[in-house]
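**Student:** In full-length UniProt numbering, the protein residues as written are 1 to 530. The structure that follows is given in the form of structure tokens.
Listed below in structure tokens is the structure:
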């Protein structure tokens with residue numbers, strides 16, 4: 001019962017016993033994957049899997065880089081096209097173990113039935129956006145989330161690092177970005193304007209970022225940073241008021257929604273953000289860098305003599321063209337350094353930068369237009385993939401925000417828009433990405449609830465073929481959820497939130513309280529044995 005569903009999966013005679021006598025051999029090129037697998041299986045085997053007769057082997061074969069073949073019998077063999085394929089084969093092998101094997105206190109032996117799997121992904125961009133700007137997540141929370149992405153064979157973490165409500169990455173040249181921009185005095189609690197009255201903030205040092213990027217790379221996840229501009233920049237303007245249009249101090253924004261404060265278009269501001277990006281590029285080896293470009297209000301540019309003067313100098317007739325000019329400047333900057341700019345679909349307005357990749361979020365029109373104009377596309381459709389949207393219609397949901405987006409809705413998503421199917425431009429779709437925006441998600445526990453199990457459904461849409469098998473997915477998900485539970489993921493149950501996951505003031509059902517108190521007691525007993 002593997003998630004995401006492999007291309008081919010069949011039973012074979014025999015079985016494999018994983019116990020303290022197991023050994024692991026790997027081709028030298030797969031040494032890092034072997035080291036990771038040893039660490040994951042060490043609790044089960046009672047110690048590190050040493051080289052030996054090779055009861056588990058990882059070898060290279062003539063396959064695409066992310067493809068693998070897994071054979072389980074008296075021995076386990078993973079043949080892969082490269083380290084990524086070997087890693088995915090090892091993840092599949094882990095899923096063949098009983099859920100109890102995922103616990104850190106697990107003790108073997110465990111028996112794995114004979115199996116053969118052939119597998120490779122359909123799309124090369126299988127991503128998830130994590131918004132740490134609205135609510136800061138600790139480095140530990142990010143590392144844990146990377147492990148959860150890797151378990152589901154997702155390979156891109158789009159880390160949304162800056163916005164109106166917070167700047168989360170240390171830039172040594174401009175220390176006030178984190179001294180001032182990383183902190184706000186309070187936060188809006190919902191979409192009704194109520195405030196919590198509590199300061200909030202935090203940021204990642206450059207050493208933190210290096211650790212996150214290296215940890216992800218070991219799990220074949222590319223961390224793609226987002227530094228928003230020219231909108232969603234109030235935290236930066238609060239730190240350095242000369243970046244804005246008003247000439248007056250601002251505070252880091254405390255409310256949600258689309259703000260009016262945007263960057264000015266002076267040469268000094270462009271140089272400022274190029275200097276920021278100089279440090280960002282040193283930290284992130286990703287070939288893609290996201291610069292936002294979304295939801296940029298043009299009111300201040302219309303009222304700014306400096307912005308209007310810039311437009312006249314450039315011969316521009318509309319403020320949308322001014323944004324396009326600005327995006328072109330940064331596209332040139334990144335291209336000169338061997339990187340590619342990614343922007344939200346608003347960068348189509350006013351003319352698209354030649355090498356830019358479009359992250360299409362407002363439905364699928366942007367994806368279709370960009371692909372037909374020869375631009376690569378990432379499908380991020382908010383109506384299908386925004387996991388901060390509520391999962392049920394009831395008032396019991398922790399924060400009943402947005403349209404209802406069920407597990408079944410996510411599973412029905414197809415990364416290639418309908419208008420492009422059968423069109424050569426469909427090859428421009430790199431893949432897809434779900435989004436977890438955190439305006440109303442303020443803890444890793446709430447993140448678990450919103451992400452799972454919908455993220456498992458999304459993983460299957462970007463890994464496997466276009467055909468969907470909802471009944472089969474539900475069967476496999478039923479086997480997968482105990483794995484998530486074993487590693488501490490507080491996912492949403494199919495019948496709704498558990499008592500402590502409900503909105504405040506909504507009483508839990510007595511049978512829920514009794515059932516989960518018994519489970520909590522069992523977990524507590526298990527923890528005492530660690």
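We put the beta carbon where it would ideally sit given N, CA and C, even for glycine.
Using CA coordinates, which residue listed in 342, 358 and 73 is at the minimum distance from residue 18?
**Tutor:** 73
**Student:** Residue 124 to residue 463, Cα distance in whole Å?
**Tutor:** 9 Å
**Student:** Note down the Cα distance separating residue 359 from residue 378, rounded to an integer number of angstroms.
**Tutor:** 5 Å
**Student:** With H, G and I counted as helix, E and B as strand and the rest as coil, what does DSSP make of residue 311?
**Tutor:** helix
**Student:** Just to confirm my understanding: we take residue 102, look at its own chain, exclude 5 residues before and 5 after, and list those with CB closer than 8 Å. What are they?
**Tutor:** 94, 483, 486 and 487
**Student:** Just the C-alpha distance for residue 535 and residue 468, rounded to the nearest angstrom, thanks.
**Tutor:** Nothing about residue 535 can be reported from this structure: the residues present for the chain run from 1 to 530 only.
**Student:** Would you check if the segment 368-377 and the segment 444-451 touch, i.e. whether three or more CB-CB distances between them fall below 8 Å?
**Tutor:** In short, these stretches do not touch, since the Cβ pair count stays below three.
**Student:** Alpha carbon to alpha carbon, how far is residue 219 from residue 150?
**Tutor:** 6 Å
**Student:** What residue range is occupied by the uninterrupted beta strand (DSSP E) comprising residue 119?
**Tutor:** 110-119
**Student:** Could you tell me whether the segment 23-40 touches the segment 74-91, where touching means 3 or more Cβ pairs closer than 8 Å?
**Tutor:** yes
**Student:** Taking Cβ to Cβ, would you say residue 66 is nearer than 7 Å to residue 10?
**Tutor:** no
**Student:** Provide the residue(s) that pair with residue 152 in DSSP beta bridges, ordered along the chain.
**Tutor:** Paired residues: none, contrary to the question.
**Student:** Enumerate in chain order the residues of its own chain whose CB-to-CB distance from residue 139 is below 6 Å, with the five nearest sequence positions on each side excluded.
**Tutor:** Here the set comprises 208.
**Student:** From the DSSP output, in three-state form, read off residue 126 for me.
**Tutor:** strand
**Student:** Starting from residue 9, follow the beta strand (DSSP E) in both directions and report where the run begins and ends.
**Tutor:** 8-18
**Student:** On a CA-only basis, which of 212, 233, 252 and 231 is nearest residue 224? Give me that one, please.
**Tutor:** 212
**Student:** Would DSSP call residue 188 helix, strand or coil?
**Tutor:** For residue 188, the three-state secondary structure derived from DSSP is strand.
**Student:** Drop a sphere of 10 angstroms on the beta-carbon of residue 161, count the other beta-carbons inside from all chains shown, and report buried for 16 or more, exposed for fewer.
**Tutor:** buried
**Student:** Quick one: residues in its chain with C-beta nearer than 7 Å to the C-beta of residue 456, no 5 flanking neighbours on either side, listed in chain order?
**Tutor:** 3, 152, 477 and 480
**Student:** Taking only runs of the alpha helix (DSSP H) that begin and end inside the segment 262-341, which ones reach a length of at least 4 residues, in chain order?
**Tutor:** 267-283, 299-303, 305-314 and 319-336
**Student:** According to DSSP, simplified to helix, strand and coil, what is residue 525?
**Tutor:** Any reading at residue 525 is ruled out, since the residue's pLDDT is 43, under 50, leaving its predicted position unreliable.
**Student:** Could you tell me the alpha carbon to alpha carbon distance between residue 432 and residue 402, rounded to whole angstroms?
**Tutor:** One C-alpha to the other measures close to 21 Å.
**Student:** Could you check the C-alpha separation between residue 323 and residue 262 for me, to the nearest Å?
**Tutor:** Cα atoms of residue 323 and residue 262: separation of roughly 11 Å, rounded to the nearest angstrom.
**Student:** Can you tell me which residues form a DSSP beta bridge with residue 381?
**Tutor:** For residue 381, which the question treats as bridged, DSSP gives no partner whatsoever.
**Student:** Where does residue 14 land, buried or exposed, given buried means 16+ other C-beta within 10 angstroms?
**Tutor:** exposed
**Student:** Taking the alpha-carbon of residue 90 as reference, which of 104, 100, 118 and 106 has the nearest alpha-carbon?
**Tutor:** 118
**Student:** Measuring alpha carbon to alpha carbon, tell me which of 135, 498, 147 and 364 ends up nearest residue 164.
**Tutor:** 135
**Student:** For residue 195, which residues does DSSP report across the bridge?
**Tutor:** Looking at the DSSP assignment, residue 195 forms a beta bridge with 188.
**Student:** Considering only residues of the same chain and omitting the five flanking positions on each side of residue 419, which have a CB-CB separation below 8 Å?
**Tutor:** Cβ neighbours of residue 419 beyond the five flanking positions: 364 and 368.
**Student:** Identify which residue in 179, 494 and 7 has its Cα closest to the Cα of residue 394.
**Tutor:** 494
**Student:** Thinking residue 491 and residue 452 are a contact (beta carbons under 8 Å), I'd like their distance in whole angstroms, please.
**Tutor:** 4 Å
**Student:** Checking 7 Å against the spacing of the C-beta atoms, do residue 387 and residue 434 come in under that value?
**Tutor:** yes
**Student:** Does DSSP put residue 360 in a helix, a strand or coil?
**Tutor:** strand
**Student:** Hey, out of 292, 407, 355 and 127, whose CA is closest to residue 148's CA?
**Tutor:** Of the listed residues, the one whose Cα sits closest to residue 148 is 127.
**Student:** So, does the segment 291-298 touch the segment 338-345, judging by three or more C-beta pairs under 8 Å?
**Tutor:** yes
**Student:** Which residue from 155, 355, 278 and 325 puts its Cα closest to that of residue 221?
**Tutor:** 155
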